[in-house]
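K.L.:
Using numbering that gives the first Met the number 0, read the sequence shown as starting at 0 and increasing by one per residue. Dumping the structure here so I can ask a few things about it.
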Amino acid sequence: MENSSKALLMAGGILTALLVVGALVLMWTNISRFQAVDTEGAKEQQIIQFNQEFETYNRDKVLGADILSIVNKIESYNVRNDDVFNSKVQYEPIKVKVDFGSQLGYFTGTVELTNNSSTVKQMINRYTDLEGKYSREFMRKLSANLTRLETKLDDEGLSYTVDNFEWAIEQLFGRKYVKIPDTKTTLERYNEYSTMKGAKFKCVNTSYNQETGQINELEFSFESK
């Protein structure tokens, strides 16, 4: 009788232990599942917030200056790695393509502005650097007065070299040490650059990664000056 009681107690203890273990396993499974759902929800929210930064440009009226701003923002993102999302989503560079049409002088045809190897992007970077060095207002003044600079050099019988333009700029505008490579062509095209920044474009396509839902390409098309 005593042995039977001990056997029953042992069986009861084992059953209790199995129930406890089962409960713990079930609880751990539910917690893991909840954490997975929570992580997935956080990831989706991050992607939504990230996409919204660029989807604001998905509209019919976008200025060229707006496109350059979004390109700068995207380039800052593209040089990073997946730490942007703490490795919760796959890092993927974003492209910006622009169809400049045929009315903006040097800025013509379809160009990927996030590709720094394109001649158009190199020219834009050059203008940006000049604006940073001499200011946007001064560059506009110079390009608007290119004829005056040329007339000054012609009157003096001077050729259109960088050093001679530097001298003419100092004489006409009182600004020293303004040395702009290929001055005449640069100022001519700077006018086209300024026109392009004020031109109107339309967002014609926004592409997303089919797996992550993250935006990976924007396309714009010229509408009017």
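Where a beta carbon is used, it is the ideal one built from N, C-alpha and C, also for glycine. Everything numeric in this text was worked out from a predicted model, so none of it was measured.
Mind checking whether PHE106 and MET195 have CB atoms under 8 angstroms apart?
P.N.:
Yes.
K.L.:
Taking DSSP's pairing of strands, which residues face LEU62 in a bridge?
P.N.:
LEU62 pairs with LYS199.
K.L.:
Could you check if TYR207 is buried or exposed, using at least 16 other CB atoms within 10 Å of its CB as the buried criterion?
P.N.:
So TYR207 ends up on the exposed side.
K.L.:
Identify whether TYR206 lies in helix, strand or coil by the three-state DSSP scheme.
P.N.:
Correcting the residue type first, residue 206 is Ser in the shown sequence and not Tyr. Here SER206 sits in strand by DSSP.
K.L.:
Using C-beta distances below 7 angstroms, list every residue in its chain close to PHE49, excluding the 5 sequence neighbours before and after it, in chain order.
P.N.:
Correct list, in chain order: GLN213.
K.L.:
Contact check, GLU187 vs VAL177 under 8 angstroms by CB: the rounded distance?
P.N.:
Actually they are not in contact, since the Cβ atoms of GLU187 and VAL177 sit about 16 angstroms apart, beyond 8 angstroms.
K.L.:
Alpha carbons only, please: which of GLN51, LYS94, VAL61, LEU62 is nearest the one belonging to GLU216?
P.N.:
When each option's Cα is compared against that of GLU216, the closest is LYS94.
K.L.:
Give the C-beta separation of SER116 and VAL110 to the nearest angstrom, bearing in mind that I take them to be a contact with Cβ-Cβ under 8 angstroms.
P.N.:
11 angstroms between Cβ atoms; not a contact.
K.L.:
Cα separation between GLN45 and GLY173?
P.N.:
Their backbone Cα atoms lie some 52 angstroms apart in a straight line.
K.L.:
What residue range is occupied by the uninterrupted alpha helix (DSSP H) comprising GLU165?
P.N.:
Per DSSP, GLU165 belongs to the alpha helix (DSSP H) from 161-172.
K.L.:
Tell me the DSSP secondary structure of VAL95 in three-state form.
P.N.:
VAL95 falls in the strand class under three-state DSSP.
K.L.:
With distance defined between alpha-carbon atoms, name the residue in VAL70, SER101, GLY156 nearest to GLU52.
P.N.:
For the residues VAL70, SER101, GLY156, the minimum Cα distance to GLU52 belongs to VAL70.
K.L.:
Which residue's Cα is closest to the Cα of ASN57: LYS201, LYS224, SER223, THR160?
P.N.:
The residue with the shortest Cα to Cα distance from ASN57 is LYS201.
K.L.:
State the Cα-Cα distance for the pair TYR192 and ILE123, rounded to the nearest angstrom.
P.N.:
Distance between the alpha carbons of TYR192 and ILE123 is about 8 angstroms.
K.L.:
Skipping 5 residues on each side, what residues in its chain have a beta carbon closer than 7 angstroms to that of THR127?
P.N.:
Same-chain partners within the cutoff: there are none.
K.L.:
If I'm right that TYR100 touches PHE219 with Cβ under 8 angstroms, what's the distance once you round it to whole angstroms?
P.N.:
In the sequence as presented, Tyr is not what sits at residue 100; that position holds Gly. With a Cβ gap of about 11 angstroms, GLY100 and PHE219 do not count as contacting.
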